[in-house]
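In this note's numbering, the protein residues as written are 30 to 363.
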(Lines of atoms letter the chains of each structure in order from A and count residues from 1; the text may use other names and numbers.)
(Lines give C-alpha, C1' and ligand atoms only; values in the text may rest on other atoms or scores of the structure.)
Protein backbone atom coordinates (compact mmCIF):
# COMPACT_ATOMS: atom_id res chain seq x y z
CA UNK A 1 0.00 0.00 0.00
CA UNK A 2 2.80 2.43 0.86
CA UNK A 3 4.85 1.62 -2.24
CA UNK A 4 1.88 0.80 -4.52
CA UNK A 5 3.57 -2.23 -6.04
CA UNK A 6 2.53 -5.85 -6.37
CA UNK A 7 -0.90 -6.78 -5.06
CA UNK A 8 -1.38 -3.54 -3.16
CA UNK A 9 -5.01 -3.21 -4.23
CA UNK A 10 -5.81 -6.62 -2.75
CA UNK A 11 -4.22 -5.41 0.49
CA UNK A 12 -6.62 -2.46 0.41
CA UNK A 13 -9.52 -4.89 0.08
CA UNK A 14 -8.18 -6.89 3.02
CA UNK A 15 -7.84 -3.69 5.05
CA UNK A 16 -11.47 -2.83 4.41
CA UNK A 17 -12.47 -6.36 5.45
CA UNK A 18 -10.52 -5.92 8.69
CA UNK A 19 -12.38 -2.67 9.29
CA UNK A 20 -15.69 -4.52 8.89
CA UNK A 21 -14.55 -7.12 11.42
CA UNK A 22 -13.42 -4.49 13.92
CA UNK A 23 -16.74 -2.67 13.63
CA UNK A 24 -18.62 -5.91 14.32
CA UNK A 25 -16.47 -6.39 17.42
CA UNK A 26 -17.57 -2.98 18.73
CA UNK A 27 -14.31 -1.16 18.07
CA UNK A 28 -14.86 2.38 16.83
CA UNK A 29 -11.36 3.93 16.75
CA UNK A 30 -8.53 2.57 14.58
CA UNK A 31 -5.03 3.86 15.24
CA UNK A 32 -2.47 3.18 12.51
CA UNK A 33 0.69 4.73 11.07
CA UNK A 34 2.23 5.33 7.65
CA UNK A 35 5.92 5.00 8.53
CA UNK A 36 7.95 3.21 5.84
CA UNK A 37 9.89 0.06 6.87
CA UNK A 38 10.66 1.04 10.47
CA UNK A 39 8.03 1.78 13.07
CA UNK A 40 9.26 3.45 16.29
CA UNK A 41 13.06 3.54 16.40
CA UNK A 42 15.38 3.53 19.41
CA UNK A 43 19.09 2.81 19.86
CA UNK A 44 18.82 1.64 23.49
CA UNK A 45 15.82 -0.23 24.86
CA UNK A 46 17.01 -0.23 28.48
CA UNK A 47 18.99 2.94 29.15
CA UNK A 48 19.84 3.14 32.85
CA UNK A 49 18.42 6.11 34.77
CA UNK A 50 19.76 7.71 37.97
CA UNK A 51 16.86 6.25 40.00
CA UNK A 52 17.84 2.70 38.96
CA UNK A 53 15.11 2.13 36.41
CA UNK A 54 15.50 1.99 32.65
CA UNK A 55 13.93 3.72 29.68
CA UNK A 56 14.15 3.77 25.91
CA UNK A 57 16.55 6.19 24.23
CA UNK A 58 17.41 7.43 20.77
CA UNK A 59 21.06 8.45 20.51
CA UNK A 60 21.71 10.23 17.21
CA UNK A 61 25.43 9.41 17.26
CA UNK A 62 24.76 5.72 17.88
CA UNK A 63 22.16 5.71 15.12
CA UNK A 64 24.59 7.31 12.69
CA UNK A 65 27.19 4.71 13.69
CA UNK A 66 24.68 1.98 12.89
CA UNK A 67 23.65 3.56 9.60
CA UNK A 68 27.16 4.34 8.31
CA UNK A 69 29.30 1.57 9.76
CA UNK A 70 27.03 -1.40 10.57
CA UNK A 71 24.29 -1.23 7.95
CA UNK A 72 26.76 0.47 5.57
CA UNK A 73 24.00 2.24 3.65
CA UNK A 74 25.65 3.83 0.63
CA UNK A 75 24.12 7.30 1.00
CA UNK A 76 24.39 7.38 4.79
CA UNK A 77 27.53 9.55 5.20
CA UNK A 78 25.88 12.40 3.31
CA UNK A 79 22.78 12.34 5.52
CA UNK A 80 24.66 13.59 8.60
CA UNK A 81 26.70 16.66 9.36
CA UNK A 82 30.49 16.17 9.20
CA UNK A 83 30.63 16.58 12.97
CA UNK A 84 28.05 13.85 13.61
CA UNK A 85 29.66 11.53 11.06
CA UNK A 86 33.08 11.98 12.66
CA UNK A 87 31.72 11.35 16.15
CA UNK A 88 29.84 8.30 14.86
CA UNK A 89 33.11 6.89 13.51
CA UNK A 90 34.75 7.36 16.90
CA UNK A 91 31.77 5.81 18.69
CA UNK A 92 31.78 2.80 16.37
CA UNK A 93 35.50 2.26 16.88
CA UNK A 94 34.94 2.13 20.64
CA UNK A 95 32.25 -0.59 20.39
CA UNK A 96 33.08 -4.27 20.66
CA UNK A 97 31.20 -6.87 18.62
CA UNK A 98 28.63 -7.41 21.37
CA UNK A 99 27.81 -3.69 21.60
CA UNK A 100 27.42 -3.50 17.83
CA UNK A 101 25.02 -6.46 17.82
CA UNK A 102 22.95 -4.95 20.63
CA UNK A 103 22.71 -1.66 18.74
CA UNK A 104 21.61 -3.39 15.54
CA UNK A 105 19.04 -5.45 17.44
CA UNK A 106 17.64 -2.33 19.13
CA UNK A 107 17.18 -0.51 15.82
CA UNK A 108 15.59 -3.57 14.22
CA UNK A 109 13.09 -3.82 17.09
CA UNK A 110 11.06 -1.16 15.29
CA UNK A 111 10.25 -3.44 12.37
CA UNK A 112 6.44 -3.91 12.40
CA UNK A 113 5.29 -7.42 13.21
CA UNK A 114 8.82 -8.64 13.80
CA UNK A 115 9.17 -11.50 16.26
CA UNK A 116 12.80 -12.27 15.56
CA UNK A 117 15.95 -10.44 14.57
CA UNK A 118 16.03 -9.18 11.00
CA UNK A 119 19.33 -9.49 9.17
CA UNK A 120 21.12 -6.40 7.93
CA UNK A 121 20.68 -7.71 4.39
CA UNK A 122 16.96 -8.07 5.03
CA UNK A 123 16.72 -4.50 6.27
CA UNK A 124 18.72 -3.24 3.30
CA UNK A 125 16.38 -5.09 0.95
CA UNK A 126 13.35 -3.45 2.52
CA UNK A 127 14.98 -0.04 2.27
CA UNK A 128 15.62 -0.60 -1.44
CA UNK A 129 11.86 -0.75 -2.01
CA UNK A 130 11.82 2.99 -1.33
CA UNK A 131 14.72 3.98 -3.58
CA UNK A 132 12.36 5.86 -5.91
CA UNK A 133 9.86 7.03 -3.32
CA UNK A 134 10.39 10.51 -1.91
CA UNK A 135 8.22 12.40 0.56
CA UNK A 136 5.96 13.77 -2.18
CA UNK A 137 5.31 10.31 -3.62
CA UNK A 138 4.72 8.72 -0.22
CA UNK A 139 2.32 11.51 0.69
CA UNK A 140 0.40 10.92 -2.54
CA UNK A 141 0.21 7.20 -1.79
CA UNK A 142 -1.08 8.02 1.69
CA UNK A 143 -3.87 10.18 0.29
CA UNK A 144 -4.71 7.39 -2.17
CA UNK A 145 -4.96 4.97 0.76
CA UNK A 146 -7.27 7.28 2.67
CA UNK A 147 -9.47 7.85 -0.36
CA UNK A 148 -9.97 4.08 -0.50
CA UNK A 149 -10.68 3.39 3.18
CA UNK A 150 -12.29 6.53 4.61
CA UNK A 151 -15.64 5.92 2.84
CA UNK A 152 -15.73 2.48 4.47
CA UNK A 153 -14.98 4.07 7.84
CA UNK A 154 -17.80 6.56 7.33
CA UNK A 155 -20.25 3.80 6.49
CA UNK A 156 -19.25 1.74 9.53
CA UNK A 157 -19.11 4.66 11.96
CA UNK A 158 -15.37 4.21 12.50
CA UNK A 159 -12.78 6.89 13.20
CA UNK A 160 -9.32 6.44 11.67
CA UNK A 161 -6.44 8.24 13.37
CA UNK A 162 -2.89 8.29 12.06
CA UNK A 163 -0.06 8.01 14.58
CA UNK A 164 2.87 10.38 13.99
CA UNK A 165 6.34 9.31 12.93
CA UNK A 166 8.55 8.18 15.81
CA UNK A 167 10.98 9.84 15.86
CA UNK A 168 9.51 12.69 13.80
CA UNK A 169 12.31 13.10 11.26
CA UNK A 170 13.69 11.07 8.31
CA UNK A 171 15.79 7.97 9.07
CA UNK A 172 17.89 5.68 6.87
CA UNK A 173 17.10 7.80 3.83
CA UNK A 174 13.39 7.07 4.20
CA UNK A 175 10.79 9.82 3.89
CA UNK A 176 8.64 10.52 6.91
CA UNK A 177 5.50 12.50 6.23
CA UNK A 178 3.58 12.68 9.55
CA UNK A 179 5.97 14.59 11.79
CA UNK A 180 4.56 18.11 12.10
CA UNK A 181 1.32 20.04 12.29
CA UNK A 182 1.73 20.98 8.63
CA UNK A 183 1.96 17.28 7.73
CA UNK A 184 -1.30 16.56 9.53
CA UNK A 185 -3.05 19.58 8.06
CA UNK A 186 -2.21 18.46 4.54
CA UNK A 187 -3.58 14.94 5.01
CA UNK A 188 -6.66 15.96 6.99
CA UNK A 189 -7.54 18.58 4.38
CA UNK A 190 -6.85 16.26 1.44
CA UNK A 191 -9.46 13.76 2.67
CA UNK A 192 -11.75 15.94 4.75
CA UNK A 193 -14.03 13.67 6.75
CA UNK A 194 -14.99 13.17 10.41
CA UNK A 195 -13.66 9.63 9.93
CA UNK A 196 -10.17 10.87 9.00
CA UNK A 197 -8.33 12.07 12.09
CA UNK A 198 -5.16 12.13 14.13
CA UNK A 199 -3.59 10.22 16.98
CA UNK A 200 -1.95 12.89 19.10
CA UNK A 201 1.17 11.18 20.46
CA UNK A 202 2.96 13.72 22.62
CA UNK A 203 6.04 11.52 22.87
CA UNK A 204 6.55 11.19 19.13
CA UNK A 205 5.71 14.79 18.24
CA UNK A 206 7.53 16.07 21.33
CA UNK A 207 10.91 14.99 19.96
CA UNK A 208 10.80 18.03 17.65
CA UNK A 209 11.25 21.46 19.27
CA UNK A 210 9.09 23.11 16.59
CA UNK A 211 5.95 21.16 17.52
CA UNK A 212 3.69 23.23 19.78
CA UNK A 213 1.59 20.46 21.31
CA UNK A 214 -1.03 22.50 23.24
CA UNK A 215 -1.38 24.71 20.17
CA UNK A 216 -1.79 21.68 17.92
CA UNK A 217 -4.60 20.43 20.14
CA UNK A 218 -6.33 23.80 19.93
CA UNK A 219 -6.06 23.95 16.14
CA UNK A 220 -6.53 20.26 15.29
CA UNK A 221 -8.86 19.43 18.18
CA UNK A 222 -11.96 18.42 16.21
CA UNK A 223 -9.91 15.81 14.31
CA UNK A 224 -8.09 14.27 17.30
CA UNK A 225 -9.58 10.81 17.85
CA UNK A 226 -6.97 9.32 20.21
CA UNK A 227 -4.30 10.70 22.55
CA UNK A 228 -1.06 9.00 23.59
CA UNK A 229 0.37 10.82 26.59
CA UNK A 230 4.12 10.33 26.80
CA UNK A 231 7.02 12.65 27.53
CA UNK A 232 10.52 12.82 26.12
CA UNK A 233 13.55 14.87 27.07
CA UNK A 234 15.58 16.17 24.15
CA UNK A 235 19.31 16.00 24.82
CA UNK A 236 20.34 18.61 22.25
CA UNK A 237 18.87 21.37 20.14
CA UNK A 238 18.07 20.94 16.48
CA UNK A 239 16.37 18.39 14.25
CA UNK A 240 17.23 15.54 14.41
CA UNK A 241 18.46 15.15 17.98
CA UNK A 242 19.05 12.59 20.70
CA UNK A 243 16.28 12.09 23.28
CA UNK A 244 15.05 9.67 25.90
CA UNK A 245 11.63 8.81 27.29
CA UNK A 246 11.18 10.68 30.56
CA UNK A 247 8.56 10.32 33.28
CA UNK A 248 5.09 11.32 32.14
CA UNK A 249 5.06 14.59 34.08
CA UNK A 250 8.73 15.38 33.47
CA UNK A 251 10.43 15.86 30.12
CA UNK A 252 10.15 18.81 27.76
CA UNK A 253 6.40 18.69 27.12
CA UNK A 254 4.13 20.62 29.46
CA UNK A 255 1.84 17.67 30.13
CA UNK A 256 -0.49 19.70 32.34
CA UNK A 257 -1.07 22.13 29.46
CA UNK A 258 -1.60 19.20 27.08
CA UNK A 259 -4.20 17.53 29.30
CA UNK A 260 -5.93 20.87 29.89
CA UNK A 261 -6.16 21.45 26.13
CA UNK A 262 -7.61 17.97 25.58
CA UNK A 263 -10.20 18.48 28.32
CA UNK A 264 -11.12 21.83 26.79
CA UNK A 265 -11.67 20.10 23.44
CA UNK A 266 -13.84 17.46 25.13
CA UNK A 267 -15.95 20.19 26.72
CA UNK A 268 -16.31 21.94 23.36
CA UNK A 269 -17.48 18.69 21.75
CA UNK A 270 -19.99 18.09 24.51
CA UNK A 271 -21.57 21.49 23.93
CA UNK A 272 -21.59 20.75 20.20
CA UNK A 273 -23.44 17.51 20.88
CA UNK A 274 -20.83 15.20 19.37
CA UNK A 275 -21.20 11.50 20.14
CA UNK A 276 -17.41 11.24 20.43
CA UNK A 277 -17.07 13.98 23.02
CA UNK A 278 -14.73 11.83 25.12
CA UNK A 279 -11.27 11.47 23.58
CA UNK A 280 -9.66 8.11 24.43
CA UNK A 281 -6.35 8.74 26.20
CA UNK A 282 -3.68 6.39 27.48
CA UNK A 283 -0.35 6.59 29.30
CA UNK A 284 1.87 5.78 26.34
CA UNK A 285 4.98 3.81 27.27
CA UNK A 286 6.58 3.95 30.69
CA UNK A 287 9.89 3.54 32.44
CA UNK A 288 10.84 0.11 33.78
CA UNK A 289 10.91 0.32 37.58
CA UNK A 290 10.76 -2.15 40.48
CA UNK A 291 9.60 -5.59 39.26
CA UNK A 292 9.39 -4.32 35.68
CA UNK A 293 13.15 -4.79 35.50
CA UNK A 294 12.81 -8.58 35.66
CA UNK A 295 9.50 -9.16 33.86
CA UNK A 296 10.86 -8.98 30.31
CA UNK A 297 7.88 -7.04 28.98
CA UNK A 298 7.67 -5.57 25.50
CA UNK A 299 9.96 -2.50 25.36
CA UNK A 300 8.06 0.60 26.44
CA UNK A 301 5.18 -1.32 28.04
CA UNK A 302 6.12 -2.20 31.63
CA UNK A 303 3.17 -2.79 33.95
CA UNK A 304 4.32 -0.77 36.96
CA UNK A 305 5.87 2.08 35.01
CA UNK A 306 2.74 2.57 32.93
CA UNK A 307 0.44 2.32 35.97
CA UNK A 308 2.55 5.00 37.65
CA UNK A 309 2.10 7.19 34.60
CA UNK A 310 -1.64 6.47 34.51
CA UNK A 311 -2.02 7.47 38.16
CA UNK A 312 -0.13 10.71 37.59
CA UNK A 313 -2.11 11.61 34.48
CA UNK A 314 -5.43 10.84 36.16
CA UNK A 315 -4.39 13.10 39.02
CA UNK A 316 -3.66 15.90 36.57
CA UNK A 317 -6.99 15.36 34.83
CA UNK A 318 -9.00 15.37 38.04
CA UNK A 319 -7.23 18.43 39.39
CA UNK A 320 -7.90 20.36 36.18
CA UNK A 321 -11.56 19.33 36.13
CA UNK A 322 -12.00 20.36 39.75
CA UNK A 323 -10.22 23.69 39.32
CA UNK A 324 -12.18 24.64 36.20
CA UNK A 325 -15.65 23.49 37.29
CA UNK A 326 -15.57 23.55 41.06
CA UNK A 327 -17.59 20.33 41.09
CA UNK A 328 -16.62 17.16 42.98
CA UNK A 329 -14.54 14.74 40.96
CA UNK A 330 -17.12 11.97 41.47
CA UNK A 331 -19.52 13.70 39.08
CA UNK A 332 -17.26 12.86 36.14
CA UNK A 333 -18.49 9.39 35.34
CA UNK A 334 -16.69 9.44 31.98
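Ideal Cβ positions, reconstructed from N, Cα and C, are used throughout, including at glycine.
Keep in mind that this is a model prediction, so the values were computed, not measured.
Beta-carbon contacts of residue i that lie in its chain and below 6 Å, excluding the five residues immediately before and after
i           : result
residue 341 : 277 and 278
residue 331 : 315, 317 and 321
residue 121 : 94 and 98
residue 167 : 204 and 206
residue 190 : 60, 226, 227, 228, 254 and 255
residue 263 : 270, 272 and 281
residue 113 : 93
residue 100 : 149
residue 82  : 316, 317 and 318
residue 159 : 65 and 203
residue 182 : 189 and 224
residue 343 : none
Exposure label - residue i; buried when at least 16 CB within 10 Å
i           : result
residue 359 : Bear in mind that the predicted position of residue 359 carries a pLDDT of just 48, short of 50, making it unreliable; the figure below should be weighed with that in mind. Looking at its Cβ environment, which holds fewer than 16 other Cβ atoms inside 10 Å, residue 359 is exposed.
residue 254 : buried
residue 111 : exposed
residue 72  : buried
residue 301 : exposed
residue 12  : Beyond the ends of the chain as shown, which are 30 and 363, falls residue 12; an answer cannot be given.
residue 241 : exposed
residue 61  : exposed
residue 96  : buried
residue 353 : exposed
residue 346 : buried
residue 154 : exposed
residue 233 : buried
residue 88  : buried
residue 178 : buried
residue 107 : exposed
Residue of the options minimising C-alpha distance to residue i
i           : options               : result
residue 294 : 275, 256 and 84       : 256
residue 208 : 217, 198 and 216      : 198
residue 104 : 157, 124, 46 and 319  : 157
residue 162 : 203, 127 and 174      : 203
residue 338 : 309, 304, 258 and 326 : 258
residue 336 : 349, 346, 347 and 318 : 318
residue 48  : 331, 180 and 351      : 180
residue 231 : 312, 92 and 354       : 312
residue 329 : 250, 64, 291 and 275  : 275
residue 226 : 59, 46, 35 and 32     : 59
residue 214 : 235, 246, 188 and 184 : 246
residue 243 : 289, 272, 260 and 269 : 289
residue 237 : 261, 77, 115 and 223  : 261
residue 84  : 343, 348 and 334      : 334
residue 348 : 310, 286 and 326      : 286
residue 310 : 284, 79 and 108       : 284
residue 186 : 222, 151, 68 and 31   : 222
residue 52  : 115, 70, 184 and 43   : 184
CB contact flag (residue i, residue j, <8 Å)
i           : j           : result
residue 201 : residue 86  : no
residue 175 : residue 135 : no
residue 228 : residue 192 : yes
residue 194 : residue 64  : yes
residue 10  : residue 292 : Because the chain spans 30 through 363 in this model, residue 10 falls outside it and cannot be assessed.
residue 297 : residue 305 : no
residue 109 : residue 118 : no
Sequence-distant residues of the same chain with beta carbon closer than 7 Å to residue i, five excluded per side
i           : result
residue 355 : none
residue 91  : 72, 120 and 132
residue 265 : 271
residue 212 : 206
residue 129 : 99
residue 220 : 172, 175, 176 and 179
Beta-carbon contacts of residue i that lie in its chain and below 8 Å, excluding the five residues immediately before and after
i           : result
residue 217 : 225, 226, 227, 249 and 252
residue 362 : Because residue 362 sits at a pLDDT of 39, beneath the cut-off of 50, its placement in the model cannot be relied upon, and the point is left open.
residue 126 : none
residue 239 : 209 and 268
Any non-hydrogen atom of the ligand ZN within 7 Å of residue i CB
i           : result
residue 128 : The ligand ZN is not among the ligands present in this structure, which contains no ligands whatsoever.
(message) In chain order, what are the residue ranges of uninterrupted beta strand (DSSP E) at least 3 long that sit wholly in the region 67-124?
(response) Entirely contained in the region 67-124, the beta strand (DSSP E) runs reaching 3 residues are, in chain order, 73-77 and 83-87.
(message) Could you tell me which whole alpha helix (DSSP H) segments of length 4 or greater appear in the region 139-199?
(response) List check, alpha helix (DSSP H) in window: 149-157 and 164-185.
(message) Just to confirm the assignment: which complete beta strand (DSSP E) runs, minimum length 3, are found wholly within the region 244-307?
(response) List check, beta strand (DSSP E) in window: 253-258, 260-263 and 272-275.
(request) Entirely within the region 202-232 and at least 3 residues each: give me those beta strand (DSSP E) ranges in chain order. (result) You should have 225-230.
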